[in-house]
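Throughout the sequence shown, residue numbering follows UniProt numbering, covering 1 to 132 in sequence.
Using N, Cα and C, we set each Cβ at its ideal position, and we do this for glycine too.
Source: prediction; values computed, not measured.
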Amino acid sequence: MYEMKPEYYIGIDMIDEEHKQLFKYADEAYELLHDEFTPDKYDRIDIILENLRNYTVKHFSDEEQYMESINYKKIFTQKVQHQEFIHKLDEFMEHHNDEVEDQDEQIMEILKYLTEWLVNHILYVDGQIPKG
Ligand SMILES: [Fe+2]
């Protein structure tokens, strides 16, 4: 369901590969949402969020390192957006620990934020990074 579309490729292999992996986490969340055979999805939400956060931290650091290496001027805007995203993931994780909300609702919320952020950020922000 969620995967890299041709228009998401920015032409820098390392970054494209990492974006591909981020879509895989979105797809995992989508699969979990539609999994009718797991009555309690708590642990799996936890695992997805944790893997997603760890991988995103690595990805942002790689991407920022690349931007530094080519003296990219808009790196500051990028860093701010990256921090906001990590902060939101932390919020999802904290909120998840409360166990107050409906699990599918939680997954939908995560999925919506993740995919909208990714697509917008890739198309309009990462898409501007020069190929070096
Ligand atoms: Fe970025």
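Local Cβ density within 10 Å of residue i, reported as buried at 16 or more and exposed below that
i, result
"L67", "Note that residue 67 is Met in the sequence shown, not Leu. Counting Cβ neighbours within 10 Å, M67 comes out buried, since at least 16 surround it."
"F76", "exposed"
"I70", "exposed"
"L123", "exposed"
"E63", "buried"
"Y2", "buried"
"I110", "buried"
"Q106", "buried"
"F23", "buried"
"Q128", "exposed"
"Q83", "exposed"
"Q78", "buried"
Span of the alpha helix (DSSP H) around residue i
i, result
"Q83", "I75 to D98"
"D126", "Per DSSP, D126 belongs to no alpha helix (DSSP H) and is neither H nor E."
"N51", "Y42 to S69"
"H19", "D13 to L33"
Integer-rounded CB distance, given that residue j should sit under 8 Å from residue i
i, j, result
"R53", "L89", "5 Å"
"Y25", "Y72", "Incorrect: roughly 26 Å between the Cβ atoms, too far for contact."
"L49", "M108", "Not a contact, Cβ separation roughly 14 Å."
"H19", "Q81", "Their Cβ separation, rounded to whole angstroms, is 14 Å, which puts H19 and Q81 out of contact at 8 Å."
"D126", "I47", "Not really, about 26 Å apart at Cβ, beyond 8 Å."
"L33", "D104", "6 Å"
message: Considering only heavy atoms of ligand 1 and the C-beta of each residue, which residues fall inside 7 Å, strictly closer?
response: F60, E63, Q78, Q81, H82, H121, V125 and D126
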